[in-house]
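The C-terminal position of the sequence shown is numbered 266 in our numbering, with every residue numbered one higher than the one before it. All C-beta atoms in this analysis are idealised placements derived from N, C-alpha and C, irrespective of residue type, glycine included. Everything numeric in this text was worked out from a predicted model, so none of it was measured.
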Amino acid sequence: MSMQRQYQQAVVRDTFWQRLNLQWLPRLGGMLITLFVVAMLCATVWAGFLLYRWLDVPVMTVAIASPLQRVSRSELETVVSATMNGGFLSLNIDALCATLEAHPWIAEATVRRYWPDRIEISVVEEVAIARWGEHSFVNNSGQIMHIDDASTLTALPFLSGPPGSVQVVMREYRDISDLLLGHGLKVNEFGMDKHHHWRMRLDAGFAVLLGQHKVLAKVHRFLRVWVYELKERKDEVLAIDARYENGIAVSWR
């Protein structure tokens, strides 16, 4: 009876250890695999960080790839120096481009990296179509760009108008300028006042009043008189009043 009891106890003991092994062995294996994967990920991240630090060397060369007319090289170098807040890889290219494009003479900027420590800057400069006010110009998109010194733009026509009128003024100027050029006349000044009365001054030396409405039709009427009556006497003309519906008035010197 005692032997049978001992045998039963031994069987129970063996079954307990078998169950214990079967329950914990898979869990232990899973934990070890998880720890291994985590360790490998940490090692990979650390290696990547070290590699990034090694590759992120200071930028040693800044090349200007575009021909410059309105912007000086020293201006670009000043902007780049003030914005250069990272190494070859950590340099914020978008921020640098945005800072360059904030310059009134830069329409578009592109920055490229060249291994190991060189960046190249390309810029597209604004094209000034006309002056606007004393310290601004209008670009070929009809936008007003403000500058500190407009002394280099004196050869451009001078446009003017009330706030928010630049697109309208540009459109009228282009139409009328093209029309006048076909007759050998160039617009030096063109614009409208706060009451929307249009006026222009030509390179022939006199001003032309155009009124508020049907401006292009009035220019056509002026040109007909110009071709047949005034062209040969242009030095005698002081001003033209073309605000009338059926003709023009001439003020003589």
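*Take Ile261 and list the residues in its own chain whose beta-carbon comes closer than 7 Å to its own, dropping the five residues that flank it on each side.*
Counting from one through the sequence shown, the residue named residue 261 turns up at place 248. Counting only Cβ-Cβ distances below 7 Å, and skipping sequence neighbours, we find Arg234, Phe235, Val238, Ile253, Asp254, Ala255.
*Run of the alpha helix (DSSP H) containing Met183, from where it starts to where it stops*: Sequence index remark: in the sequence shown, residue 183 carries index 170 (1-based). Residues 179 to 194.
_Considering Cα atoms alone, identify which of Leu113, Asp130, Trp128, Pro129 is closest to Ala122._
Position 109 of the sequence shown holds residue 122. Taking only the C-alpha atoms, the option nearest Ala122 is Leu113.
_Contained beta strand (DSSP E) runs [length at least 3] in the stretch 92 to 148, N- to C-terminal order_ = 119 to 127, 131 to 138, 141 to 145
*Taking the continuous beta strand (DSSP E) assigned at Ala255, which residues delimit it?*
The sequence position of residue 255 within the sequence shown is 242, counting from 1. No beta strand (DSSP E) holds Ala255; DSSP gives it neither H nor E.
*Among Asn153, Val84, Cys55, Arg131, which one has its Cα closest to the Cα of Asp162?*
Against the sequence shown, residue 162 aligns to sequence position 149. Checking every option, the nearest Cα to that of Asp162 belongs to Val84.
*For Arg214, which of helix, strand or coil comes out of DSSP?*
Residue 214 sits at position 201 when you count from the first residue of the sequence shown. In the structure shown, Arg214 sits in a strand (DSSP, three-state: E or B).
*Could you have a look at Ile157 and say whether DSSP puts it in helix, strand or coil?*
Taking the sequence shown and counting its residues from 1, one reaches residue 157 at position 144. Ile157: strand per DSSP, three-state reduction.
*Throw me the rounded Cβ distance for the Arg144 and Leu166 pair, which I believe falls under 8 Å.*
By 1-based counting over the sequence shown, the position of residue 144 is 131. By 1-based counting over the sequence shown, the position of residue 166 is 153. The Cβ separation is near 5 Å, so the contact holds.
*According to the Cβ coordinates, are Phe101 and Val72 closer than 8 Å?*
Counted from its first residue, the sequence shown places residue 101 at position 88. Counted from its first residue, the sequence shown places residue 72 at position 59. Closer than 8 Å, so yes.
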